[in-house]
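What follows is one structure encoded as structure tokens, with my remarks underneath.
Residue numbers (my numbering): 2 to 140.
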């Protein structure tokens, strides 16, 4: 995907060379307080308290040979309950590092080639800890 440009580093492991085209999708999720909602007048009251970025990650499994060592390092990066992710935050216009987690990570033994296992890592989503207010505050 990238041409010597870092795009995504998870828990110190550089996922950039593994990304497919359209390999990172950024999504901004707003969390409103219980005071938000529609008023009797029909107007809407917005009370955003947290911005929670998510990143959908898709790897180029067809072109990357993921062997036992690589899948071990990938899974080690994704294993902790919370981990650091360095990415380009499109809202801030710069690289930033935030704490994220992921729920479901699926790995499939695709085939054995020349006596080596070849693994496929399914798409996964990274969910950030919420950022208070407008989401532009430093953590």
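No residue lacks a Cβ here, since even glycine has one placed at the ideal position from N, Cα and C.
Whole-angstrom C-beta distance between residue j and residue i, which should lie under 8 Å
i: residue 129; j: residue 46; result: The pair is not a contact, with the Cβ atoms about 25 Å apart (cut-off 8 Å).
i: residue 110; j: residue 56; result: The pair is not a contact, with the Cβ atoms about 26 Å apart (cut-off 8 Å).
i: residue 118; j: residue 68; result: 7 Å
i: residue 14; j: residue 74; result: 6 Å
i: residue 50; j: residue 133; result: 7 Å
Sequence-distant residues of the same chain with beta carbon closer than 7 Å to residue i, five excluded per side
i: residue 29; result: 52, 54 and 92
i: residue 27; result: 54, 56 and 91
i: residue 82; result: 102
i: residue 94; result: none
i: residue 48; result: 33, 34, 36 and 37
Proximal residues to residue i (C-beta, below 8 Å), its chain only, five neighbours per side dropped
i: residue 8; result: 2, 16, 17, 20, 24, 25, 88 and 89
i: residue 38; result: 45 and 46
i: residue 43; result: none
In DSSP terms, what residue i is bridged to
i: residue 54; result: 29
i: residue 112; result: 119
i: residue 39; result: 45
i: residue 128; result: 55 and 102
i: residue 84; result: 101
i: residue 67; result: 120
Neighbourhood of residue i by C-beta distance below 6 Å, restricted to the same chain and skipping five residues each side
i: residue 65; result: 19
i: residue 123; result: 107
i: residue 125; result: 58, 103 and 106
Neighbour-count burial assignment, residue i, 16 or more Cβ in a 10 Å radius
i: residue 113; result: exposed
i: residue 40; result: exposed
i: residue 96; result: exposed
i: residue 140; result: With a pLDDT of only 40 at residue 140, under 50, the local geometry of the prediction cannot be trusted, and the value read off the model is given with reservation. Counting Cβ neighbours within 10 Å, residue 140 comes out exposed, since fewer than 16 surround it.
Legend entry - the region 30–38 / the region 78–87 touching (three or more Cβ pairs under 8 Å): no
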